[in-house]
Amino acid sequence: MRNHKDALLAIEGVYHSYLPGTPFERRSLDGVDLSVYEKETVGIIGPSGSGKTTLLFHCNGLLRPQRGTVRAFGIPIGEPGAELRDIRRRVGCVFQSPEDQVFERYVGDDIAFGPRNMGLAVETVRERVRGALATVGYPFSFKDRLTSRLSLGEKRRVAIAGVLAMDPRLLLLDEPTAGLDPEARRDLFEIIDRFKRRSGRAVLMVSHRMEEIAELSDRIYVLVRGRVVLQGTARGVFSRPDLLSENGLSLPAPAQTVRLLQERGIPVRSGACSVQEAADTIEELFRDRT
Amino acid sequence: MELIRIDDLSYSYESGPALRAGRYALRGVDLSIRKGQYIAVIGANGSGKSTLLKHLNGLLVPTEGEVRVSGMSTKDKTLLKEIRRTVGMVFQNPETQLVTTLVEDEVAFGPENLGLEPEEITERVEWAMAVTGLRALQGRPPHLLSTGQKQLLTVASVLAMRPDCLVLDEATSMLDPASRKRVDDTVRRLHNDGMTVIASTHSMDEAAEAGRVIVLAGGEVAADGEPREIFSRRRILRELRLELPTTVRIADLVKNRLFVETERLFNPRLLASAVSDAYRKGGTLR
Amino acid sequence: MTARSEFEFSVKLSIGQFVPGSSLLHMLDPRVKIVVCVMLIVSAVLVGRIFAVTLLFVLVVSVLVGTGVGAGLAFRALRPVAPFLAVLAVIQMFAIPQLRENAVIVWEWRFLHMTDRSIVSGVLLIGRFAVIVMALHLFSVTTSTNQLIHGVEQLVRPLEKIGVPAHELAMVVHISLRFLPILLFETEKLMMAQASRGADFGKGRGVRRLRRLFPLFVPMFLISLRHAEAIAESMESRCYTGGRGRTSRLRPRLKRADYLAIGAFIAADGAILAANYLFSEAVWGSRALCIL
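In order, the protein sequence lines correspond to chains L, R and F. In this text, residue positions in the first sequence follow our numbering: the first is 1, and each later residue adds one. In this text, residue positions in the second sequence follow our numbering: the first is 1001, and each later residue adds one. In this text, residue positions in the third sequence follow our numbering: the first is 2001, and each later residue adds one.
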C-alpha cells in the first residue's frame, strides 16, 4: 500500500450540499475519501447527479469543503488562508464544455491566458504556448487561428492546451470526450496518456462512459449519491456487475460480453475492460481447452 | 408507406459569394424514409448529421432540392405547423430546450401551440408523462431536474403533440448510462407501437440497434443499409475513420475461433452466443 | 466555520425563482397576485411617511408569513443589495442640498448636513426598496411563469383592441425569466473556468474588479446567443408561432378566495395610504409628528 503522505491529492470525509438553507437544498457529497498518486489516471464514474463534478471542483478549490479536508500537494484547500491561485496553477481543470473555457478571439491568446495570469515573461509565455500546442498535436502556427472557427474536437484540444500551458501537475478532466467522434476521442486518449507518464504528474477524470474509463484508468472510484460505493482497479470494479447495475451503471461492452459468457456456463475470466482484453480472454478460453 | 422523401437536397449555411464557392453542409442527398422504420444516422463531427435532421421538420429549408413530409414540402410555410406536429424533434442539450418553469407546463407547451381544448391538452399531458414515466415529477421546476430527467421531459413534451415520427439529434450523448437506457427504452417502446424513429449518434454500438443505418460523410450519404451490411464494408468505414461496434472489433480479433461472419456480432449478446456455440462445437480451427 | 468559495452566486439567487408549493398564495389566481404586487409597489412609491412604509413592510411580511411562504428567502434576497442601498441612504441623509430647505438641521459639518427631512428620506428609501423587493418576491416565488404569462395576458387583453400585443409581451417576460438562471449558471461556469487558469475574481474592489470581469462579456454574449437560438429552435419545433391560435391548459376562473383575498388586501393597503395622507402636516400642524 502506498503511503498516504505521497498522494498528490488527498480528499478525506468531504461533505457538500448545494443551496444550504433554502427549499432547494440538496446534499451532493456525503463523506468522500479519495486519493491520487503520481503517474496514475484515476477515474470517477457514477450516474448523473452522483456528485462527480462537485467532487472535481473541490480538487482545485473552485468549491471548498463544507466538512472534511482536501489536500493538494500538501496544501489544505479548505482553510480560509489557502493560496488558491497557487493550487489552481498546479491542478489544471478541463471543463466539460470547451465553450466555457475557450473565450479569447485567437487560439494563441487563449492558451496564453493562464501563463499570463501567472505573470510570466513574454518570451516564456510564448514558449509555453508553443509547448502546449505541440503536446496536443498542433504546430505553433495554429496560434493564429480564430477560436470561433474551430470544430468541437479542435476546441477541446485548445481547451486542454490552455490548461497544459500552465504546466499543471494534476490534470482534472470533466467528461473529456462528450460529443467527440471516435477519431477525436482516440487522439485525446493519447494526449492524456502522454501527460500522466511524466514524473510527478497524474490525471483525475470524471466520465459516465464506462468504455473510456475502463480503458484509461488505473484505478476507479464509483460514486453514487455522494458516496464512494466501490473502488479499485478497472478489472476489479468491472467484475462487480451486480453492484454496478444496482446503482444504474452499465458494464462496458467487453465486460458485458464476458459476463454473458459466464452466465452461459463458459469458464472465462471476468472483468475484461478493453477490446484487446476481451479478445485475449476469449483466446485463452480456446487455448486452455486444446 | 413513405413518410419522408428527400430529393437531391443540398444546403449551405453561407450566402452570396461563399455559396457560389460551393461550401455546402449537405450535398445531393436522396433518401426515402418509410413509416415505422428505426434509422440511425452516423458520421464524424461536421459530417452534416444535425443539418440533415433539422431539414426533417422544416427548421432548415433546402438551398436546393426538396424535403417532403407526408407529401408536404417544407418550403411551403403554411404547412410548417402540420409538418412539425408530424415530425417531433429532440435536441442534444436538454438545458436549452426547456421553455417553461413547471414540468406540466413544459409538456403542455406544444399542445397549447396547436390550439387544442384545455381538456384535450390535460389528457395529452397525462398520457405523455405516463409514457415517459415522469408522473412523479409533476409540480417540479424543470431546471432542478437531473440531465436525464430533463431529456425525458423534452421527449414527453414532443410526444404530447402526438407526432408520427421522432427525430433525435444525439439526444442521449450527454446522458449517463442509466438515463440513456431510460430514454432508449422509451423510444424503443414507442417504435414498437409504430413510431418512426430517426436518431443521430456517434456510437456504432447504438447504431447497431437500429434497423437501418445511414452513414454521412462530408455532407453526402456514404452508405445506407442494414447494420450488418454497413459493418461489412470495413474499408469505407476505415476511410471515413469510423469505428466498428465494440463487439465486432473483439470478434475480428478472435475471428478464426468463430463460425460466423463477425459483422453480425454487433452486440454483447450476439458475440457471447457465437463464442459459446464455437466453444461447445469443439472450437476447431477453420 | 467554512470558507465559501467566490463562485456560489446561485446561493444568493432567490428572486424570480418559483418554489412549487401549496400555500394560500400559490392557490390564488395569478391576476390577483399581479394586482397585489403592483399595488404594493405603487403604494411603496406613493407613501411619504416612515410609519406608513413601516406598515407596508409589516403588511407584506405578514402576507408572506401568514400564507406559509415564509420571509426568510426574501430577506436573503435583500442582503446582496444592502451595501448599495446603504450608500444611497447615506447620500440621501447627508449630501442632498434640497433636503436642507425648510428643515431642522440636526447635525452639520462643512458640506454635510443632516436634517429631519433628510433622515426621513433616507429611511424611506430603504423602506421602499425593502417593500418592493419583498413584493416581487411574494409574487415570483408563488407564481409559475406559465401562470404569470396567462395572468398578464388576461389583464392586458382589453388593450389588445388598441393594438397592444399582449401575448408577445407576456412571452418576452417569460423567456427572460427562464433565461436568468441559465445565464447566471453559465457565468458561474465561465468564471470557474477562468479562475482555474489563474484569473482572480475574489480580491480587489471597484474598477479593478470590474476590469477582471471584462473577459467574461464577449463569451457570455456568444453563449447567450447560442442558447437563444437553441430555445428558439426548440419552440419552433413545437409549433410555436406566437399568440394567435394558442390555447391554455389552465382555464383560470376567479374563485371566492380570490375575491376575499383581493378585498382584504385592498382594504389594508387603502387604509395605509389613507393614513399616510391624513396624518400630514396640514392636518396636524405639528412638525414632530409629521417626521414619522
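C-beta: ideal position from N, C-alpha, C; glycine also.
*asked:* For a test of the three-state rule: what should DSSP assign to Arg1034/R, helix, strand or coil?
replied: Counting from 1 along the second sequence, the entry for residue 1034/R is found at position 34. It is a strand residue.
*Taking just the CA atoms, how far does Gly1211/R sit from Leu1102/R?*
Within the second sequence, numbered from 1, the residue matching residue 1102/R stands at position 102. Within the second sequence, numbered from 1, the residue matching residue 1211/R stands at position 211. In a straight line, the C-alpha of Leu1102/R is about 36 Å away from that of Gly1211/R.
*Under 8 Å Cβ to Cβ from Leu244/L, same chain only, skipping five residues before and after it: list those, please.*
For the purposes of this step, residue 244/L is taken as residue 244 along the first sequence, with counting starting at 1. Excluding residues within five positions, the ones whose Cβ falls inside 8 Å are Val222, Leu230, Val237, Phe238, Ser250 and Leu251.
*Can you list, in chain order, the residues of its chain whose CB lies under 6 Å from that of Leu2289/F, leaving out five sequence neighbours each side?*
On the third sequence, residue 2289/F is found 289 positions in, with the first residue counted as 1. Unreliable placement is indicated for Leu2289/F, whose pLDDT of 49 sits below 50; the coordinate value is still reported in the next sentence. Answer for Leu2289/F: no residue qualifies.
*Give a yes or no on whether 7 Å exceeds the smallest Cβ distance from His208/L to chain R.*
For this step, residue 208/L is matched to residue 208 along the first sequence. True, the Cβ-Cβ gap to chain R drops below 7 Å.
*Fully enclosed by the segment 1148-1201 of chain R, which beta strand (DSSP E) runs are 3 residues long or longer?*
1165-1169 and 1196-1201
_Distance between Leu2213/F and Val42/L (C-alpha atoms, nearest Å)_ = Within the first sequence, numbered from 1, the residue matching residue 42/L stands at position 42. Within the third sequence, numbered from 1, the residue matching residue 2213/F stands at position 213. Rounded to whole angstroms, Val42/L to Leu2213/F spans 34 Å at the Cα level.
_Identity of the residue in Glu2236/F, Asp2200/F, Phe2265/F and Gly2270/F nearest Arg85/L by Cα_ = Mapped onto the first sequence, residue 85/L falls at position 85. Closest option to Arg85/L, Cα to Cα, is Asp2200/F.
*For His2113/F versus Ile2149/F, is the C-beta distance shorter than 7 Å?*
Start at 1 with the first residue of the third sequence, and residue 2113/F comes out as number 113. Start at 1 with the first residue of the third sequence, and residue 2149/F comes out as number 149. Not in contact: His2113/F and Ile2149/F (Cβ atoms no closer than 7 Å).
*Residue of Val36/L, Tyr18/L, Ile87/L and Ser141/L minimising C-alpha distance to Met166/L*: The residue given as residue 166/L occupies position 166 in the first sequence. Of the listed residues, the one whose Cα sits closest to Met166/L is Ile87/L.
*Own chain partners of Ala1278/R with C-beta closer than 6 Å, once the 5 adjacent residues on each side are dropped*: What you label residue 1278/R is simply residue 278 of the second sequence in a count that begins at 1. Closer than 6 Å at the Cβ level, and outside the excluded window around Ala1278/R, lie Arg1257, Leu1258 and Phe1259.
*Of the residues Ile192/L, Arg157/L, Ser199/L and Asn117/L, which one's Cα is nearest the Cα of Arg2197/F?*
Reading the third sequence from its first residue, position 197 is the one you call residue 2197/F. It is Asn117/L.
_Backbone CA spacing between Lys1049/R and Glu1220/R [nearest angstrom]_ = As a working note, residue 1049/R is residue 49 in the second sequence. As a working note, residue 1220/R is residue 220 in the second sequence. Cα-Cα distance, rounded: 10 Å.
*Any residues in the segment 244-274 of chain L with a beta carbon nearer than 7 Å to a beta carbon of chain C? Which ones, in chain order?*
Annotation note: the requested chain C is absent from the structure, which comprises protein chains L, R and F.
*For Pro2219/F, decide whether its Cβ has a neighbour in chain L, counting only Cβ atoms nearer than 7 Å.*
For the purposes of this step, residue 2219/F is taken as the residue at position 219 of the third sequence. Taking Cβ atoms only, chain L reaches closer than 7 Å to Pro2219/F, which makes this a yes.
*What does a CB cutoff of less than 7 Å around Thr54/L pick up in its chain, not counting 5 residues either side in sequence?*
On the first sequence, residue 54/L is found 54 positions in, with the first residue counted as 1. Around Thr54/L: His16, Ser28, Leu29 and Leu63.
*With 8 Å as the C-beta to C-beta threshold (strictly closer), list the residues of the segment 1167-1197 of chain R near chain L in chain order.*
Residues Glu1170, Ser1173, Met1174, Leu1175, Asp1176, Pro1177, Ala1178, Ser1179 and Lys1181.
*asked:* Determine, for Met1089/R, whether the minimum Cβ-Cβ distance to residues of chain F falls below 7 Å.
replied: Your numbering for residue 1089/R matches position 89 in the second sequence. Among the residues facing chain F, Met1089/R is included, as its CB has a counterpart in that chain under 7 Å away.
*asked:* Just to make sure I have the definition right: I need the residues of chain L whose C-beta is within less than 8 Å of the C-beta of Lys2161/F. Which are they?
replied: The residue given as residue 2161/F occupies position 161 in the third sequence. Those within 8 Å of Lys2161/F in chain L number zero; the least Cβ separation is about 41 Å.
*From the DSSP output, in three-state form, read off His208/L for me.*
For the purposes of this step, residue 208/L is identified with residue 208 of the first sequence, where counting begins at 1. Secondary structure at His208/L: coil, using DSSP grouped into helix, strand and coil.
*Compare the Cα-Cα distances from Leu2222/F to each of Phe2018/F, Ser2022/F, Ser2176/F and Leu2183/F and report the closest residue.*
Residue 2222/F sits at position 222 when you count from the first residue of the third sequence. Measuring from the Cα of Leu2222/F, the nearest candidate turns out to be Leu2183/F.
*asked:* Less than 7 Å between the beta carbons of Ala161/L and Val136/L, yes or no?
replied: Within the first sequence, numbered from 1, the residue matching residue 161/L stands at position 161. Within the first sequence, numbered from 1, the residue matching residue 136/L stands at position 136. For Ala161/L and Val136/L, yes; Cβs fall inside 7 Å.
*Around the Cβ of Val122/L, are there at least 16 other Cβ atoms within 10 angstroms (buried) or fewer (exposed)?*
The residue labelled residue 122/L in the question sits at position 122 within the first sequence. When all chains shown are included, Val122/L counts as exposed.
*Determine the closest residue to Glu38/L out of Leu216/L, Thr281/L, Glu215/L and Arg197/L, with distance taken between C-alpha atoms.*
The residue you call residue 38/L lines up with position 38 of the first sequence. Checked all of Leu216/L, Thr281/L, Glu215/L and Arg197/L; the closest Cα to Glu38/L is Arg197/L.
*Nearest CA to the CA of Arg2293/F: which residue from Ser2043/F, Leu2155/F, Thr2187/F and Met2235/F?*
Residue 2293/F lies beyond the range of chain F shown here (2001 to 2292); nothing can be said about it.
*Whose C-beta lies closer than 7 Å to the C-beta of Ile2126/F among residues of the same chain, with five residues either side of it excluded?*
Working through the third sequence from its first residue, we reach residue 2126/F at position 126. Hits under 7 Å: Leu2085 and Ala2089.
*Could you tell me whether any Cβ in chain F is nearer than 7 Å to the Cβ of Cys59/L?*
Your numbering for residue 59/L matches position 59 in the first sequence. Chain F, which has no Cβ nearer than 7 Å to the Cβ of Cys59/L, makes this no.
*Taking 7 Å as the CB-CB limit, is Met2027/F close to chain L?*
Reading the third sequence from its first residue, position 27 is the one you call residue 2027/F. No, no contact with chain L.
*Rounded to a whole number of angstroms, what is the C-alpha to C-alpha distance between Lys2012/F and Arg1264/R?*
The residue given as residue 2012/F occupies position 12 in the third sequence. The residue given as residue 1264/R occupies position 264 in the second sequence. Note that Lys2012/F scores a pLDDT of 43, beneath 50, so its modelled location is shaky; the value from the coordinates is reported in the next line. Distance between the alpha carbons of Lys2012/F and Arg1264/R: 56 Å.
*When you compare only the Cα positions, how much space is there between Leu2254/F and Pro2083/F?*
Looking up residue 2254/F in the third sequence gives position 254. Looking up residue 2083/F in the third sequence gives position 83. Cα to Cα, the separation comes out at about 41 Å.
*Name, please, each residue of chain F whose Cβ falls closer than 8 Å to the Cβ of Ile1132/R.*
Taking the first residue of the second sequence as 1, we reach residue 1132/R at position 132. A small correction: the amino acid at residue 1132/R is Thr; Ile does not occupy that position in the sequence shown. Within chain F, no residue comes near Thr1132/R; the closest Cβ sits about 15 Å away, beyond 8 Å.
*Could you tell me which residues DSSP pairs with Tyr221/L in its beta bridges?*
Mapped onto the first sequence, residue 221/L falls at position 221. Note: Tyr221/L sits in a beta bridge opposite Ile44/L and Gln231/L.
*Going by Cα to Cα distance, which pick from Val228/L, Gly81/L and Gly232/L is closest to Gly271/L?*
Against the first sequence, residue 271/L aligns to sequence position 271. Residue Gly232/L is the option with its Cα nearest to Gly271/L.
*Under 9 Å Cβ-Cβ, which residues of chain R neighbour Ile2231/F?*
Looking up residue 2231/F in the third sequence gives position 231. For the C-beta of Ile2231/F, the chain R residues within less than 9 Å are, from N- to C-terminus, Thr1096, Gln1097, Leu1098 and Val1099.
*Does Ser2014/F get closer than 7 Å to chain R when you measure Cβ to Cβ?*
Taking the first residue of the third sequence as position 1, residue 2014/F is located at position 14. Caution is warranted here: a pLDDT of 45 is assigned to Ser2014/F, below 50, making its placement in the model unreliable, and no coordinate value can be reported.
_I need the DSSP call for Tyr106/L, collapsed to helix, strand or coil._
Counting from one through the first sequence, the residue named residue 106/L turns up at place 106. Tyr106/L: strand per DSSP, three-state reduction.
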